[in-house]
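What follows is one structure encoded as structure tokens, with my remarks underneath.
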Amino acid sequence: LKNEMAEPMPNHISYAGNVKIPITSQLKIVLPEEDAPSGIWPVFRIMDENGNLRRDDGANTFPPNKIIPEKHDLNQLRSILQLHHPHFAEQIQSCTLLHPSKKEFPDTNSKNTLLRAHRQMIRLRKMDTILHNAQRQGRISFYITCHGEEGMHIGSASALSPQDVVFAQYREQGILMWRGFTLEQFCNQCFSNQLDLGKGRQMPVHYGCRALNYQTISSPLGTQLTQAVGAAYKLKLDAIANPERESAVSIAYFGDGAASSVDFHSAC
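Take the sequence shown: its position 210, counted from the start at 1, is 210 in the numbering used here, and no numbers get skipped.
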């Protein structure tokens with residue numbers, strides 16, 4: 001991160017019709033009773049357009065010099081980030097990507113979580129390109145890429161535990177990849193061959209893996225939202241019945257199309 005003159009950080013995003021949506025760097029869960037019918041929920045951003053950590057007061061947050069930790073030393077990187085960004089110290093300390101793994105990752109032979117995240121994002125982009133080209137060549141019938149969403153996949157997946165249940169849509173291959181789904185398994189599913197876990201009965205990119213707690217994708221938009229709520233309720237009951245058992249959550253991924261569905265409002 002360099003000490004360069006940057007434009008003031010914007011405090012809103014302009015949408016069609018000159019509708020202005022405020023930007024916030026404070027992540028807060030808004031409860032239904034806290035929001036008036038006419039209220040506008042802000043967009044959460046932790047970084048600005050220049051890749052710097054942003055603050056709601058618009059102050060520049062980049063350090064006076066480049067951050068150069070020891071090679072692959074996550075502990076030192078975390079300390080440097082906390083020193084230069086004290087207002088984000090809690091988030092930096094709790095970020096699982098900035099902590100070494102307890103065990104070596106089998107695909108990198110390293111405990112460096114951040115290095116693996118970078119490798120997985122590149123790997124995901126390459127896989128998308130190859131399988132998308134295969135679809136254009138007529139080798140598979142259907143494919144949807146997740147270009148530009150790789151960071152969201154890996155960042156959120158790294159914060160989950162193996163027992164957490166994932167309800168995804170078409171563009172969340174990265175979560176499954178982070179959990180250990182192999183390139184061969186992705187290809188088996190997309191080519192609908194006999195090695196596919198679903199025995200070739202599903203459309204391409206409709207992944208699912210019981211062992212990785214990743215529920216099989218369904219074609220209709222939004223169905224995973226109500227399912228995630230039901231799973232969360234069951235997990236909550238399990239936690240009450242077995243308090244000594246390690247707790248789990250369910251997480252749902254969806255886009256604009258699903259947000260316009262009845263299931264979205266039912267799930268809320």
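Where a beta carbon is used, it is the ideal one built from N, C-alpha and C, also for glycine.
Exercise for review: Kindly give me the distance between the Cβ atoms of Asp-330 and Gly-222, rounded to whole angstroms, as I take these residues to be in contact under 8 Å.
Suggested key: Coverage of the chain is limited to positions 1 through 268, which leaves residue 330 absent and any answer about it impossible.
Review point. Does the Cβ of Ala-241 have 16 or more other Cβ atoms within 10 Å, making it buried, or fewer, making it exposed?
Key: Position 241 of the sequence shown holds residue 241. Exposed: under 16 other Cβ atoms inside 10 Å.
Check your understanding: So is Val-166 buried or exposed if we call it buried at 16+ other beta carbons inside 10 Å?
Key -> Sequence index remark: in the sequence shown, residue 166 carries index 166 (1-based). Buried: at least 16 other Cβ atoms inside 10 Å.
Practice item. Whole angstroms is fine: what's the gap from Gln-194's alpha carbon to Gln-185's? Key: Position 194 of the sequence shown holds residue 194. Position 185 of the sequence shown holds residue 185. If I take the Cα positions, the gap works out to 11 Å.
Check your understanding: Looking only at its own chain, which residues have a Cβ that is under 8 Å from the Cβ of Lys-20, when we skip the five neighbours before and after it?
Key -> Taking the first residue of the sequence shown as 1, we reach residue 20 at position 20. His-12, Ile-13 and Ser-14.
**Study point:** Thr-216 to Gln-82 span [Cα, whole Å]
**Key:** Locating residue 216 in the sequence shown gives position 216, counting from the first residue. Locating residue 82 in the sequence shown gives position 82, counting from the first residue. In a straight line, the C-alpha of Thr-216 is about 39 Å away from that of Gln-82.
Review point. Taking the DSSP output, what are the residues bridged to Thr-24?
Key: The residue you call residue 24 lines up with position 24 of the sequence shown. Its beta-bridge partners are Phe-44.
**Study point:** Straight-line Cα distance separating Gly-174 from Gly-155
**Key:** Indexing the sequence shown from 1 puts residue 155 at position 155. Indexing the sequence shown from 1 puts residue 174 at position 174. Each residue's Cα considered, the two are about 10 Å apart.
**Study point:** Coil, strand or helix - Ser-192 by DSSP
**Key:** Within the sequence shown, the letter at position 192 stands for residue 192. Three-state DSSP puts Ser-192 in coil, outside helix and strand.
**Study point:** Cβ-based burial, Ser-158 [other Cβ within 10 Å; buried from 16]
**Key:** Sequence index remark: in the sequence shown, residue 158 carries index 158 (1-based). Burial call: buried.
Check your understanding: Near Glu-104, what residues of its chain come up, given a Cβ to Cβ distance below 8 Å and the 5 sequence neighbours on each side ignored?
Key -> Position 104 of the sequence shown holds residue 104. Same-chain partners within the cutoff: Ser-110 and Lys-111.
Practice item. Evaluate contact between the region 115-131 and the region 77-91, counting only Cβ atoms and requiring at least three cross-stretch pairs below 8 Å. Key: no
Practice item. Could you please give me the residues that DSSP links to Val-205 through a beta bridge? Key: Position 205 of the sequence shown, counted from the start, is the residue given in the question as residue 205. Answer by DSSP bridge pairing: none, since Val-205 is not bridged.
Check your understanding: First and last residue of the beta strand (DSSP E) that includes Ser-250?
Key -> Position 250 of the sequence shown, counted from the start, is the residue given in the question as residue 250. Segment 250-252, the beta strand (DSSP E) holding Ser-250.
Check your understanding: Are there three or more Cβ pairs, one per stretch, closer than 8 Å when the region 123-136 is compared with the region 144-154?
Key -> yes
**Study point:** DSSP beta-bridge partners of Val-165
**Key:** Here residue 165 refers to the residue found at position 165 when the sequence shown is read from its first residue. According to DSSP, which records beta bridges pairwise, Val-165 is partnered with Ser-250.
Check your understanding: Which of the three DSSP states, helix, strand or coil, is assigned to Phe-105?
Key -> Residue 105 sits at position 105 when you count from the first residue of the sequence shown. DSSP places Phe-105 in strand when its eight states are reduced to three.
Check your understanding: Taking DSSP as the reference, what is the three-state secondary structure of Tyr-15?
Key -> Counting from 1 along the sequence shown, the entry for residue 15 is found at position 15. In this structure, Tyr-15 counts as strand in the three-state DSSP scheme.
Point to revise | Buried or exposed (CB count within 10 angstroms, at least 16 for buried), Phe-254 | key: Here the question's residue 254 lines up with position 254 in the sequence shown. Burial call: buried.
Point to revise | Tyr-233 in three-state terms, based on DSSP | key: For the purposes of this step, residue 233 is taken as the residue at position 233 of the sequence shown. It is helical.
Check your understanding: Can you round the beta-carbon distance between Leu-124 and Met-177 to whole angstroms, since I take them to be within the 8 Å contact cut?
Key -> In the sequence shown, the residue the question calls residue 124 occupies position 124. In the sequence shown, the residue the question calls residue 177 occupies position 177. That pair is a contact at about 6 Å.
Review point. Do Ile-46 and Ser-25 have their C-beta atoms within less than 8 Å of each other?
Key: Taking the sequence shown and counting its residues from 1, one reaches residue 46 at position 46. Taking the sequence shown and counting its residues from 1, one reaches residue 25 at position 25. Yes; because the gap between Cβ atoms is below 8 Å, this pair is in contact.
Point to revise | Cβ shell of Leu-183 (< 7 Å), same chain only, five flanking positions each side left out | key: As a working mapping, residue 183 is identified with position 183 in the sequence shown. Result list for Leu-183: Met-127, in chain order.
Review point. Taking buried to mean at least 16 other C-beta atoms within 10 Å of its own C-beta, is Leu-281 buried or exposed?
Key: Look at the range of the chain in this structure, 1 to 268, and you will see that residue 281 is not part of it.
Practice item. Ignore the nearest five residues each way along the sequence and tell me which others in Asn-188's own chain have a CB closer than 6 Å to its CB. Key: Stepping through the sequence shown from its first residue, residue 188 is reached at position 188. Taken in chain order, the residues that qualify are Leu-195 and Asp-196.
**Study point:** Counterpart residues of Tyr-214 in DSSP-defined beta bridges
**Key:** Taking the sequence shown and counting its residues from 1, one reaches residue 214 at position 214. According to DSSP, Tyr-214 bridges with Val-166 and Cys-209.
Review point. Between the beta-carbon of Ala-248 and the beta-carbon of Ser-161, is there less than 8 Å?
Key: For this step, residue 248 is matched to residue 248 along the sequence shown. For this step, residue 161 is matched to residue 161 along the sequence shown. Cβ atoms of Ala-248 and Ser-161: closer than 8 Å.
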